[in-house]
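K.L.:
Chains as they are written, first to last, in my numbering: chain P, 112 to 271; chain G, 112 to 271.
2 protein chains.
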Amino acid sequence: MTTLGKSTFLWLGLALTASAGIAIAQKAAELDPAVAARQAQMRLVGYHTGILGAMAKGEREYDAELARLAATNLNTAASFENATMWIEGTEQGVAEGTRAKAEIWSDSAGFAEKYDQLGQASAAMIDAAGTDLDALKAAMGDLGGACKACHEDYRGPENK
Amino acid sequence: MTTLGKSTFLWLGLALTASAGIAIAQKAAELDPAVAARQAQMRLVGYHTGILGAMAKGEREYDAELARLAATNLNTAASFENATMWIEGTEQGVAEGTRAKAEIWSDSAGFAEKYDQLGQASAAMIDAAGTDLDALKAAMGDLGGACKACHEDYRGPENK
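#1: Can you tell which of P/Ala213, P/Ala223 and P/Gln231 has the C-alpha that lies nearest to the C-alpha of P/Pro268?
#2: Which runs of the alpha helix (DSSP H) spanning at least 4 residues fall entirely within the region 166-252 of chain G, listed in chain order?
#3: For P/Leu163 and P/Ala151, which I take to be in contact (beta-carbon distance under 8 Å), what is that distance rounded to the nearest angstrom?
#4: In the DSSP output, which residue or residues are listed as bridge partners for G/Arg149?
#5: Contact criterion: CB-CB distance below 9 Å. Does P/Met236 meet it with respect to chain G?
#6: Output yes if chain G places a C-beta closer than 9 Å to the C-beta of P/Tyr173; else output no.
#7: Look at the alpha carbon of P/Lys259 and the alpha carbon of P/Asp253, and state the distance between them as a whole number of angstroms.
#8: I want to see whether chain P comes within less than 9 Å of G/Thr195, judged by CB atoms only; does it?
#9: If contact means a Cβ-Cβ distance below 7 Å, which residues of the region 181-206 of chain P contact chain G?
#10: Thinking C-alpha only, which one of P/Asp264, P/Glu170 and P/Leu185 is nearest P/Ala223?
#11: Assuming G/Arg149 contacts G/Met196 under a Cβ cut-off of 8 Å, what Cβ separation, rounded to an integer in Å, is found between them?
#12: Within the same chain, show all residues whose beta-carbon is closer than 6 Å to that of P/Thr209, passing over the 5 residues directly before and after it, in chain order.
#13: Between the C-alpha atoms of G/Tyr173 and G/Leu244, what's the straight-line distance to the nearest angstrom?
#14: Short of 6 Å in beta carbon distance, which residues of its chain neighbour P/Ile198, apart from the five on each side in sequence? Order them along the chain.
#15: At a Cβ threshold of 9 Å, is G/Gln231 touching chain P?
#16: In the DSSP output, what is G/Arg266 paired with across the bridge?
#17: With a Cβ-Cβ cutoff of 9 Å, do P/Leu229 and P/Ala167 count as a contact?
#18: So G/Ala232 and G/Ala206 are supposed to be a Cβ contact under 8 Å. How far apart are they, rounded?
#19: Step through the CB atoms of chain G and report whether any lies within less than 9 Å of the CB of P/Ala136.
#20: Answer yes or no: does any C-beta atom of chain G fall closer than 9 Å to that of P/Gly164?
#21: Is any beta-carbon of chain G found at less than 9 Å from that of P/Gln228?
#22: List, in order along the chain, the chain P residues whose C-beta lies closer than 7 Å to that of G/Arg210?
#23: Listing by chain order, which chain P residues have their CB less than 7 Å from the CB of G/Leu247?
#24: Report the rounded CA-to-CA distance for P/Ser217 versus P/Ala235, giving the unit in angstroms.
#25: Apart from the five residues just before and just after G/Ala175, which ones in its own chain have a Cβ nearer than 8 Å to its Cβ?
#26: Out of curiosity, what's the CA-to-CA distance linking P/Thr201 and P/Ile215?
#27: Quick one: which chain P residues come within Cβ less than 7 Å of G/Leu155?
#28: On the CB-based measure, 16 or more other CB atoms within 10 Å of its CB, does G/Ile135 come out buried or exposed?
#29: Is it buried or exposed, P/Lys225, if we count other Cβ atoms within 10 angstroms and call 16 or more buried?
#30: Looking at the structure shown, is G/Leu163 part of a helix, part of a strand, or coil, going by DSSP?
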């Protein structure tokens with residue numbers, strides 16, 4: 112575990128926080144369909160990041176093929192076009208059960224840039240994850256950085 | 112609405128049934144993570160099919176760009192690799208809250224074929240949806256057929 116740096120642990124913590132945030136969300140049936148669809152997308156991001164993270168932490172045996180497929184699916188989950196789900200008027204405080212900040216729409220270029228960062232980090236992870244465990248661990252920093260950067264700017268506090 | 116054939120209405124009904132099936136599912140936090148991830152994938156399929164279906168039915172104004180993006184996202188949702196989420200031992204009767212039949216694993220080639228049918232129908236929908244409303248309506252048949260074919264063979268009855 113000594114090859115895991117501070118930043119890796121930081122993102123692992125963030126990933127867990129993200130999962131918990133989704134876990135306490137309301138039943139999808141009670142949400143605005145666009146909000147439920149976004150949370151489904153985030154669930155797919157989190158689920159596949161979780162597989163890679165468990166291998167990085169040594170909680171799960173490294174399997175090159177499964178790691179490659181998890182990274183491929185993570186990249187797919189980061190490839191949705193935003194326009195169908197990130198609909199104006201569905202931000203936190205207006206729509207129920209969402210933590211999407213109004214800045215997603217008032218600073219749409221910045222949001223798109225952060226989303227693209229996830230696309231790039233997950234694309235790089237495909238090769239890395241399929242190579243070996245050290246390469247997977249090394250690629251985790253950029254991936255966690257992409258999660259963190261977007262959440263810091265565009266995700267609001269937990270809903271009560 | 113006269114250009115809509117029987118099969119179109121059939122799939123619309125099936126799509127609604129599918130949504131209801133997901134809507135009554137348990138909170139994702141209570142499910143096996145693999146089951147929750149599959150249901151997230153199905154939610155993204157259903158959400159984007161719903162946008163296209165609403166336009167086809169005249170319940171929502173046809174918008175070529177939005178239709179094209181919805182079809183693009185539908186195709187993305189149909190592009191996940193199955194191996195990370197369709198994990199043996201997570202079928203109906205074993206894992207909670209799922210309708211995935213054991214045949215998904217005992218007849219994996221058949222399941223893969225049906226999944227590929229959704230990939231092809233959603234890929235064809237991208238061009239069709241962006242062309243005009245008649246082309247969108249015409250492409251709905253194959254899309255609904257793909258949903259129906261897989262659900263008939265690989266989806267079990269509603270959970271009580």
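Don't be surprised by glycine CBs; every beta carbon is placed ideally from N, CA and C.
P.N.:
Answer, in terms of the structure:
#1: P/Ala213
#2: Segments of the alpha helix (DSSP H) lying fully in the region 166-252 of chain G: 175-188, 214-217 and 219-242.
#3: Not confirmed; about 19 Å, so no contact.
#4: BP columns for G/Arg149 are empty, so no partner.
#5: no
#6: Using a CB distance cut-off of 9 Å, P/Tyr173 does not count as an interface residue toward chain G.
#7: 10 Å
#8: yes
#9: Ala181, Thr183, Asn184, Thr187, Ser190, Phe191, Glu192, Ala194 and Thr195
#10: P/Asp264
#11: 5 Å
#12: Val146 and Gln203
#13: 6 Å
#14: Cβ contact annotation for P/Ile198 (same chain, cutoff 6 Å, sequence separation greater than five): Ala145, in chain order.
#15: no
#16: Paired residues: G/Ala211.
#17: Cβ atoms of P/Leu229 and P/Ala167: not closer than 9 Å.
#18: So it is not a contact: roughly 28 Å between Cβ atoms.
#19: For P/Ala136, the pLDDT reaches just 48, beneath the cut-off of 50, and the residue's location in the model is therefore unreliable, leaving the point undetermined.
#20: no
#21: no
#22: Neighbours of G/Arg210 on chain P: none; closest Cβ ~16 Å, over 7 Å.
#23: Result: empty, since nearest Cβ-Cβ is about 15 Å, beyond 7 Å.
#24: Roughly 30 Å between the two C-alpha positions.
#25: Answer for G/Ala175: Ala240, Gly241, Thr242 and Asp243, listed in chain order.
#26: 10 Å
#27: Ala148, Ala151 and Gln152
#28: Confidence in G/Ile135 is poor, its pLDDT being 42 and thus under 50, which makes the residue's placement too unreliable to answer from.
#29: Buried is the call here.
#30: helix
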